[in-house]
Amino acid sequence: MTVKRGPGRRPGSADTRGEILAAARRVFAEKGFDKATVRGIAREAQVDPALVHHYFDTKEGMFAAAMRLPLTPEVVVPALLDGPREEIGERLVRLLLEVTATPETREPMIALIRSAMTHEYAASMFREFVSNALLFRVADTIGVPHLRIEAAFAQMFGVVMARYVLRLEPMAGAEPEELVELLAPTIQRYFTP
């Protein structure tokens with residue numbers, strides 16, 4: 001016999017919105033924007049789909065809220081610029097490897113990357129954030145052409161894809177220090193006039 005719950009607050013945590021966002025991050029990371037559904041996210045969060053719509057009008061609105069990325073300009077720009085210019089490549093590689101080291105910070109990034117591959121809105125959002133808020137600010141501050149910083153980013157983007165999306169070995173299982181040693185000199189070349 002199945003007992004149907006009546007209306008009202010569901011049992012458990014009082015942070016239903018937070019649980020929905022956590023579920024959305026997991027689902028977007030696994031499926032990308034296009035294949036994720038409000039019903040699937042509601043199922044992952046163990047809530048009624050109407051509750052998801054209550055907190056987030058649309059799937060796009062939920063995606064925007066869920067993609068609270070760990071790489072904010074307030075953190076990244078100073079982290080890259082604080083120190084000798086000849087070590088900026090190493091700082092960039094280390095920063096990206098540190099941010100992607102744990103699922104809590106990696107999943108939102110992977111979700112955004114997957115979604116950007118299949119959904120123009122996500123691609124536009126990703127492009128605007130990465131280019132204007134991060135890359136061009138760093139490039140303009142240190143006097144590097146935008147093409148060079150985009151080339152450095154493209155290489156690191158490829159590393160993230162190989163390591164966490166495609167899970168290519170031995171890249172996926174490599175120790176962070178090994179990757180820093182391998183990648184930093186090449187990334188540094190983009191920042192050297």
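For the sequence shown, full-length UniProt numbering begins at 1 and goes up steadily by one. We put the CB at the ideal spot given by N, CA and C, even for glycine.
Span of the alpha helix (DSSP H) around residue i
i, result
"Met-161", "Segment: none, Met-161 is in no alpha helix (DSSP H) and carries neither H nor E."
"Pro-108", "103 to 118"
"Gln-188", "176 to 191"
"Glu-30", "16 to 35"
"Ala-42", "38 to 45"
"Arg-94", "88 to 99"
"Leu-51", "49 to 55"
"Val-138", "136 to 142"
"Leu-81", "73 to 81"
Nonlocal neighbours in the same chain, by C-beta distance under 6 angstroms from residue i, ignoring five residues either side
i, result
"Lys-59", "Val-38"
"Ala-122", "Phe-33, Ser-115, Ala-116"
"Leu-183", "Val-93"
Contact set for residue i: own chain, Cβ-Cβ below 7 angstroms, skip 5 residues either direction
i, result
"Phe-56", "Met-62, Ala-65"
"Thr-25", "The question names Thr, but residue 25 in the sequence shown is Arg. Closer than 7 angstroms at the Cβ level, and outside the excluded window around Arg-25, lie Ala-66, Glu-107, Pro-108, Ala-111."
"Asp-48", "Ala-42"
"Arg-17", "Tyr-55"
"Gly-83", "Arg-91"
"Phe-126", "Leu-112, Ala-116"
Proximity winner among the options, relative to residue i (alpha-carbon distances)
i, options, result
"Asp-34", "Glu-19, Glu-90, Val-180, Thr-118", "Thr-118"
"Ala-162", "Phe-153, Ala-154, Ala-172", "Ala-172"
"Glu-150", "Glu-19, Ala-122, Leu-92", "Leu-92"
"Glu-177", "Ile-142, Glu-128, Val-144, Leu-97", "Leu-97"
"Asp-140", "Leu-80, Gly-158, Leu-182", "Leu-80"
"Thr-186", "Leu-168, His-54, Ile-88", "Ile-88"
"Gly-158", "Leu-179, Asp-15, Val-76, Val-144", "Leu-179"
"Arg-85", "Ala-101, Glu-181, Ile-142", "Ile-142"
"Pro-193", "Arg-167, Leu-168, Val-144", "Val-144"
"Val-138", "Thr-100, Tyr-190, Pro-170", "Tyr-190"
"Leu-95", "Phe-126, Ala-50, Val-76", "Val-76"
Rounded Cβ spacing between residue i and residue j (contact assumed at less than 8 angstroms)
i, j, result
"Ile-110", "Ala-22", "That pair is no contact at about 15 angstroms."
"Val-165", "Arg-114", "7 angstroms"
"Gln-188", "Glu-90", "7 angstroms"
"Gly-40", "Val-52", "At roughly 10 angstroms, the Cβ-Cβ gap does not stay under 8 angstroms, so Gly-40 and Val-52 are not in contact."
"Pro-73", "Ala-133", "5 angstroms"
Cβ-based neighbour list, residue i, same chain, cut-off 8 angstroms, excluding 5 preceding and 5 following
i, result
"Glu-175", "none"
"Leu-135", "His-146, Ile-149, Glu-150, Phe-153"
"Leu-168", "Ala-162"
"residue 196", "Outside the displayed span of the chain (1 to 193) sits residue 196, for which this structure offers no information."
"Val-130", "Phe-153"
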